[in-house]
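Asks:
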Amino acid sequence: MPFWKTRSRKSLDTWARREFNARKSNIAPTSFTVPTQDTVWQANKGRRVKDIYRSYQATNPGLDTGPRLNQAAKDTMLDNISHLSSPTVNVYGQGRAHNDTPSFIRDNAHQRQRTNGTWANEAPLGNRASNLFAYRINPVNPQGSTGRFTINSRQDQGLQLAQALEHEVNPATKKSFVTQSKMKGIDRLGQKTDDAIVYFNSKPSWNQRRKMAKRIRSNVQTTDYTPQGMDRIKPGVSWAQRPQHVDPTKPAYSTSHGTAHATIIEAAIRSTAKHYGNNMTQANFDKVYSYKLKRAGLNANNPARLKQRTAPIKKPWESRFQYMKRRWG
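Numbering (our numbering) for the sequence shown: 2 to 330.
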């Protein structure tokens, strides 16, 4: 491993190589010379990206040594989280209307008690609320994002985590670069590769990143884990910018860090097969993967960060003559 590669690149290499080695034996060298086979490959792209993303999500801290909460404790936590909703901050279940709270989370907890834990033939509503994929904690007018801070913690820190997010997005206390936030549902805390996210829309300075991590860690007991492809700021708090394709005609990358990088890895596997055929070695894949990271606007040696480029990027399968001809016409 070249010594100049950062932790963020090394962690991505581990993930990308694992996916490449798991798939290369199933790719016929002629897959991209026969039009029908290429069409089938393209048609299954979404499924492959999802499979690669699941591999990312399955990589988790495994360090949640805190107590797992019973339903009564989770109901109380849900109720307290819902009370963070205010005229300037919305708290709601991801995928639901922003004005569905505080009633959604709060009423789920109380409705469970009022109906003795049942609701028609479905799981208790308190269970359903605590098992949601995520809770959004946003200013009333959330903006888009160009990157994220990721926080890893434990289930028993759910309320403290929500309070920390509310502080970061509240217009009275938030920093100008912060746009919105979310946290995993209570049942999911401490189980996945990221428990909470604070989104930003302009690159925060080193000092701003350090201060945010310090604020969060002053109230939340974090788990020392850094998701793949991210830069560690403090134990349990990391950050990364969102990939931005250098070709403006290409669709934007997903705002999901894992999905965006799964898309890049899938593209690198496909290009390695297409351009190297029977010579699909890890060395060739590594070169193609570095190229795809650059095409995604990222610093190939530190992919947590974007890197501005003015010159065309050399393709690993083209000769220097071909590159110079393409560059200078």
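Virtual Cβ for every residue (Gly too), placed ideally from N, Cα, C.
DSSP three-state call for D14: helix, strand or coil?
Replies: Along the sequence shown, one-based indexing puts residue 14 at 13. DSSP places D14 in helix when its eight states are reduced to three.
Asks: My assumption, with CB atoms under 8 Å, is that Q164 sits in contact with N220. Please give the rounded CB distance.
Replies: Sequence index remark: in the sequence shown, residue 164 carries index 163 (1-based). Sequence index remark: in the sequence shown, residue 220 carries index 219 (1-based). Between N220 and Q164 the Cβ distance is about 6 Å, and since that is below 8 Å, they are a contact.
Asks: Label K46 either buried or exposed according to how many other C-beta atoms from any shown protein chain fall within 10 Å of its C-beta, with 16 as the threshold for buried.
Replies: Locating residue 46 in the sequence shown gives position 45, where the first residue counts as 1. When all chains shown are included, K46 counts as exposed.
Asks: Please confirm whether Q245 has its beta-carbon closer than 9 Å to some beta-carbon of chain D.
Replies: Of the protein chains in the structure, only one exists, and it is not chain D.
Asks: For I314, does the three-state DSSP call read helix, strand or coil?
Replies: Residue 314 sits at position 313 when you count from the first residue of the sequence shown. Reduced to three states, the DSSP call for I314 is coil.
Asks: Who pairs with K308 in a beta bridge, going by DSSP?
Replies: What you label residue 308 is simply residue 307 of the sequence shown in a count that begins at 1. Note: K308 sits in no beta bridge, so no partner.
Asks: By the 10 Å Cβ neighbour count, where 16 or more other Cβ atoms means buried, how is E167 classified, buried or exposed?
Replies: The sequence position of residue 167 within the sequence shown is 166, counting from 1. By the neighbour-count rule (16 or more Cβ atoms within 10 Å), E167 is buried.
Asks: In whole angstroms, what separates the C-alpha of Q95 from that of M184?
Replies: Along the sequence shown, read from residue 1 onward, the residue named residue 95 stands at position 94. Along the sequence shown, read from residue 1 onward, the residue named residue 184 stands at position 183. Straight-line Cα distance between these residues: approximately 9 Å.
Asks: Would you tell me roughly how many angstroms separate the C-alpha atoms of S154 and M325, rounded to the nearest one?
Replies: Locating residue 154 in the sequence shown gives position 153, counting from the first residue. Locating residue 325 in the sequence shown gives position 324, counting from the first residue. The alpha-carbon atoms of S154 and M325 are separated by roughly 50 Å.
Asks: Just how far apart, CA to CA, sit R310 and G259?
Replies: Position 309 of the sequence shown holds residue 310. Position 258 of the sequence shown holds residue 259. Straight-line Cα distance between these residues: approximately 24 Å.
Asks: Identify every residue that forms a DSSP beta bridge with K183.
Replies: By 1-based counting over the sequence shown, the position of residue 183 is 182. Bridge partners of K183: R137 and I198.
Asks: Assuming T256 contacts S131 under a Cβ cut-off of 8 Å, what Cβ separation, rounded to an integer in Å, is found between them?
Replies: Here residue 256 refers to the residue found at position 255 when the sequence shown is read from its first residue. Here residue 131 refers to the residue found at position 130 when the sequence shown is read from its first residue. That pair is no contact at about 25 Å.
Asks: Compare the C-alpha of S87 against each of M213, N171, T60 and S291 and name the closest.
Replies: Locating residue 87 in the sequence shown gives position 86, where the first residue counts as 1. The residue with the shortest Cα to Cα distance from S87 is N171.
Asks: Taking Q43 as the reference, which of D287, R271, S291 and H84 has the closest Cα?
Replies: Within the sequence shown, the letter at position 42 stands for residue 43. The option with the nearest alpha carbon to Q43 is R271.
Asks: So what does DSSP say about R115, is it helix, strand or coil?
Replies: The residue labelled residue 115 in the question sits at position 114 within the sequence shown. Interpretation of R115 is limited by its pLDDT of 40, a score under 50 that renders its predicted location unreliable; the figure taken from the coordinates is listed afterwards. DSSP places R115 in helix when its eight states are reduced to three.
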